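**Q** Using the numbering used here, the first residue of the sequence shown is number 65, and each one after it goes up by one.
By construction, the Cβ of each residue, glycine as well, lies at the ideal position given by its N, Cα and C atoms.
As the structure is a computational prediction, the values presented were derived from the model and not from experiment.
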Amino acid sequence: MLEYQNLFNRVQVHTTVPDPGVPIEQRTWVRQLPPSFNHWIGIIGDAQIGPIYLGFTGVASLICGFLAIEIIGLNMWASVGWDPVQFIRQLPWLALEPPSPAYGLSLPPLQQGGWWLLAGFFLTVSICLWWLRVYRRAKALGLGTHLAWAFASAIFLYLSLGFIRPVLMGSWGEAVPFGIFPHLDWTAAFSIRYGNLFYNPFHMLSIAFLYGSTLLFAMHGATILATSRLGAEREIEQITDRGTGAERAQLFWRWTMGWNATMESVHRWCWWFAFLVTFTGALGILLTGTVVDNWYLWAVKHGVAPSYPATINISPEKLQDLRGQYQGAPPQGLPVPAVPAPRIIVPPADSTAPVQLVVPPGAVPRTDSVRKNP
């Protein structure tokens with residue numbers, strides 16, 4: 065017996081005349097990209113591509129975005145001596161770094177972080193213009209502006225990381241570098257610097273909403289696909305005129321989840337969960353370093369994390385001896401991890417023997433920082 069499934073579209077509708085879209089008032093700009101059909105996209109969605117309306121804000125957004133990507137890419141290419149092979153090979157490690165903290169909020173030279181500011185400016189203008197395009201298109205088509213405000217939440221997180229928090233901290237050097245691995249390294253260092261970001265309550269909320277969004281979208285999609293044979297995929301009709309598909313879907317949720325969901329409420333939950341992922345994340349970023357310097361100590365103070373007894377006491381004089389030594393990237397190779405720090409052997413307190421510095425292979429001993437046991 066054949067089993068009904070709709071994980072993929074078995075039947076694709078290719079009309080003779082593609083759907084031109086909802087009629088709009090024609091002014092200076094018209095819809096671009098003549099509509100066409102794509103078989104592979106039609107397997108999982110609507111096979112028609114286009115037409116697309118860009119308008120002035122859309123074109124300006126693409127131009128500014130291209131300028132930002134070009135500035136970032138050319139600076140990365142220049143960092144490897146304009147070698148195309150090394151550019152492709154080392155691309156995940158290449159970065160356009162923000163200015164040094166010594167410059168504060170001033171405008172540094174181009175080679176000292178000015179390119180980062182310029183790229184960030186064009187990228188921010190591009191994103192904001194695209195948001196304006198989304199908002200204006202919704203108004204022109206008589207739609208709600210839900211998509212624009214959800215997009216604004218993501219923009220709020222972006223601005224918090226690259227503009228608002230650096231301004232509050234008084235230095236562009238607090239911002240995130242442009243790069244694949246470098247921005248991940250920045251995230252790890254940021255968390256360590258401020259006492260483990262996982263103890264940040266707004267970070268906790270952001271992760272909860274992230275996982276919750278994934279669960280809600282998966283549950284919603286699975287429920288609709290499971291009841292689409294009964295017409296549940298016609299969600300707009302089922303909102304105003306509930307049919308068999310909606311009734312079965314709600315009964316399924318009530319049986320498995322313990323509470324009911326309607327064709328409208330589930331979308332409202334999904335929207336809020338997705339919106340709050342980046343919104344709460346932005347709040348957590350803005351509080352880090354400005355209000356709270358160490359999230360672990362904050363968590364201990366408020367009973368969120370346990371207080372662990374100190375097992376190793378290191379004096380400030382020995383901190384320099386424990387730091388690793390970054391050797392830099394080889395001329396013709398990928399960046400390598402830092403050479404491990406020299407191992408310090410401290411004799412007993414009643415001994416007069418000096419501190420021994422065991423230097424690992426490849427490291428340079430720092431005899432100037434070796435101190436004898438007091």
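Just how far apart, CA to CA, sit Ala-374 and Leu-155?
**A** Your numbering for residue 374 matches position 310 in the sequence shown. Your numbering for residue 155 matches position 91 in the sequence shown. Distance between the alpha carbons of Ala-374 and Leu-155: 42 Å.
**Q** Which of helix, strand or coil does DSSP assign to Gln-76?
**A** Within the sequence shown, numbered from 1, the residue matching residue 76 stands at position 12. Gln-76: coil per DSSP, three-state reduction.
**Q** In chain order, what residues of the same chain have a beta carbon less than 8 Å from the beta carbon of Asn-358, not counting five sequence neighbours either side?
**A** Looking up residue 358 in the sequence shown gives position 294. Taken in chain order, the residues that qualify are Tyr-258, Gly-259.
**Q** Closer than 6 Å by C-beta to Pro-246: which residues in its own chain qualify, once you throw out the five before and the five after it? Chain order, please.
**A** As a position in the sequence shown, residue 246 is number 182, starting the count at 1. Counting only Cβ-Cβ distances below 6 Å, and skipping sequence neighbours, we find Ala-159.
**Q** Taking the alpha-carbon positions, what's the Gly-237 to Trp-250 distance?
**A** Position 173 of the sequence shown, counted from the first residue, corresponds to residue 237. Position 186 of the sequence shown, counted from the first residue, corresponds to residue 250. About 11 Å.
**Q** On the DSSP bridge assignment, give the partners of Phe-101 in chain order.
**A** To locate residue 101, count along the sequence shown from 1; it is residue 37. Partner(s): Gln-112.
**Q** Can you tell me whether Val-356 is helix, strand or coil according to DSSP?
**A** For the purposes of this step, residue 356 is taken as residue 292 along the sequence shown, with counting starting at 1. Looking at Val-356 - three-state DSSP - the assignment turns out to be strand.
**Q** Check Leu-205 in the structure and name its three-state DSSP category.
**A** For the purposes of this step, residue 205 is taken as the residue at position 141 of the sequence shown. Coil.
**Q** So what's Leu-160 in DSSP terms, helix, strand or just coil?
**A** As a first step, residue 160 must be located in the sequence shown, where it is residue number 96. The answer is strand: DSSP assigns Leu-160 an E or B state.
**Q** Given a cut-off of 7 Å on the beta-carbon distance, is the pair Ala-111 and Phe-101 in contact?
**A** To locate residue 111, count along the sequence shown from 1; it is residue 47. To locate residue 101, count along the sequence shown from 1; it is residue 37. Yes.
**Q** Note down, in chain order, each residue of its chain lying with its Cβ closer than 6 Å to the Cβ of His-267, except the 5 sequence neighbours on either side.
**A** In the sequence shown, residue 267 corresponds to position 203, counting from 1. The answer, listed in chain order, is Leu-261, Gly-348.
**Q** Phe-242 bridges to which residues according to DSSP?
**A** Counting from one through the sequence shown, the residue named residue 242 turns up at place 178. Paired residue(s): Leu-160.
**Q** Are there three or more Cβ pairs, one per stretch, closer than 8 Å when the stretch 310-319 is compared with the stretch 183-203?
**A** No, the stretch 310-319 is not in contact with the stretch 183-203.
**Q** Looking at the secondary structure, which residues open and close the alpha helix (DSSP H) in which Val-341 lies?
**A** The sequence position of residue 341 within the sequence shown is 277, counting from 1. Looking at the DSSP string, the run of the alpha helix (DSSP H) that includes Val-341 is 329-351.
**Q** Among residues of its own chain, excluding the 5 on either side of Cys-128, which ones have a beta-carbon nearer than 8 Å to its beta-carbon?
**A** Taking the sequence shown and counting its residues from 1, the one referred to as residue 128 is at position 64. Closer than 8 Å at the Cβ level, and outside the excluded window around Cys-128, lie Phe-186, Leu-187, Val-189, Ser-190, Leu-193.
**Q** So what does DSSP say about Asn-324, is it helix, strand or coil?
**A** In the sequence shown, residue 324 corresponds to position 260, counting from 1. In this structure, Asn-324 counts as coil in the three-state DSSP scheme.
**Q** At which residue ranges does the stretch 177-233 contain complete alpha helix (DSSP H) runs of 4 or more residues, listed in the order of the chain?
**A** Complete alpha helix (DSSP H) runs here, min 4: 178-204, 210-223, 229-233.
**Q** Can you find a C-beta in chain B that's less than 7 Å from the C-beta of His-103?
**A** Protein chains in the displayed structure number just one, and chain B is not present.
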